[in-house]
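This report refers to the structure that appears directly beneath it.
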Amino acid sequence: MQQSQQITVLQTMVMQQNQTNTKLQATNAQQATQIKQLQQIFMTANQQQAVEKSKEVTAQ
Numbered sequence: 275m276q277q278s279q280q281i282t283v284l285q286t287m288v289m290q291q292n293q294t295n296t297k298l299q300a301t302n303a304q305q306a307t308q309i310k311q312l313q314q315i316f317m318t319a320n321q322q323q324a325v326e327k328s329k330e331v332t333a334q
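Each residue of the sequence shown is one higher than the last, beginning at 275 in this note's numbering.
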């Protein structure tokens, strides 16, 4: 294979890898958002549990 052909193949590979990386970065961003949402859900649930526990202790 000539050097120019090798360069073309490598350029194509790099472009494909860049596209893959871009897709992965988008996926990572979506997952980060989902994680934040889950953290918020857990925090809210924990707060509710703390309130319920406080009510139980107060009622005793």
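Yeah, the Cβ is synthetic: ideal placement off N, Cα and C, and Gly gets one too. Bear in mind that the values here come from a model prediction, so they are computed numbers and not experimental data.
Where residue i falls: helix, strand or coil (DSSP)
{"i": "Q322", "result": "helix"}
{"i": "Q277", "result": "helix"}
{"i": "Q421", "result": "The chain is shown from 275 up to 334; residue 421 falls before or after that span and cannot be answered."}
Residue i vs residue j beta-carbon contact at 9 Å
{"i": "M275", "j": "V283", "result": "yes"}
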